[in-house]
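Let me begin by presenting the structure, written as structure tokens, before commenting on it.
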Amino acid sequence: AYNQILQILNSVWDTGLGVAMQDLLHCIRRNTQWYRNDYCLETVRHVKTTPVLFLWMTVMALVTYHVPDAAYAIGFHIPSVQQFHVLDLAYVLTRFMDRYIRAGNYNRFNIQSFSFKLDTDGTYGLLLFDRKLRTVFKRA
2 AYNQILQILN
12 SVWDTGLGVA
22 MQDLLHCIRR
32 NTQWYRNDYC
42 LETVRHVKTT
52 PVLFLWMTVM
62 ALVTYHVPDA
72 AYAIGFHIPS
82 VQQFHVLDLA
92 YVLTRFMDRY
102 IRAGNYNRFN
112 IQSFSFKLDT
122 DGTYGLLLFD
132 RKLRTVFKRA
């Protein structure tokens, strides 16, 4: 599922937010029925109002070892109730890709690696990006 999630995130611009979000929901919640994945007015309102904290840094400032092709790191926390963790995560990740490709003059960057944890108080994660995120990173 890891490579499939990576492929979905790196193709958000091509497939569109709606398709990418549905594909991502399917991949992330594949092994559980606990999390909501219904795309209705209630869930759309929820994900659009869920706060998120992004921490922007260089990979060199974060790790002491070499991560191939990764130059920038974005840490995140999405506080939410447990049943919405997967919806919030899918929305935040797909929206991040769409929003910051636009903000970076349509310079398409790619996620090289990622990690996330669905915890009781929300979702925590780290995204590692290639050098093409530079334009957006400088503005953050």
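Just so we're aligned, residue 2 is where the sequence shown starts under the numbering used here, counting upward by one. Ideal Cβ placement from N, Cα and C applies to all residues, glycine included.
### Task
Tell me where the alpha helix (DSSP H) around Thr136 begins and ends.
Along the sequence shown, read from residue 1 onward, the residue named residue 136 stands at position 135. Run containing Thr136: 135-140, per the alpha helix (DSSP H) assignment.
### Message
Do Leu134 and Tyr157 count as a contact pair if the criterion is CB distance below 7 Å?
### Response
Outside the shown range of the chain, which is 2 to 141, sits residue 157, and nothing can be said about it.
### Task
Would you mind sorting Ser116 into buried or exposed? The rule is 16 or more other CB atoms within 10 Å of its CB.
On the sequence shown, position 115 is the one that residue 116 refers to. Counting Cβ neighbours within 10 Å, Ser116 comes out exposed, since fewer than 16 surround it.
### Task
In angstroms with no decimal places, state the Cα-to-Cα distance between Arg132 and Tyr66.
The residue given as residue 132 occupies position 131 in the sequence shown. The residue given as residue 66 occupies position 65 in the sequence shown. Taking the straight line from one Cα to the other gives about 17 Å.
#### Entry: Buried versus exposed call for Leu26 [16 or more other C-beta atoms within 10 Å across all chains shown]
Taking the sequence shown and counting its residues from 1, one reaches residue 26 at position 25. Buried, since its Cβ has 16 or more Cβ neighbours within 10 Å.
### Task
Determine the contact status of Leu128 and Ile112, defining contact as a CB-CB distance below 7 Å.
To locate residue 128, count along the sequence shown from 1; it is residue 127. To locate residue 112, count along the sequence shown from 1; it is residue 111. Yes; because the gap between Cβ atoms is below 7 Å, this pair is in contact.
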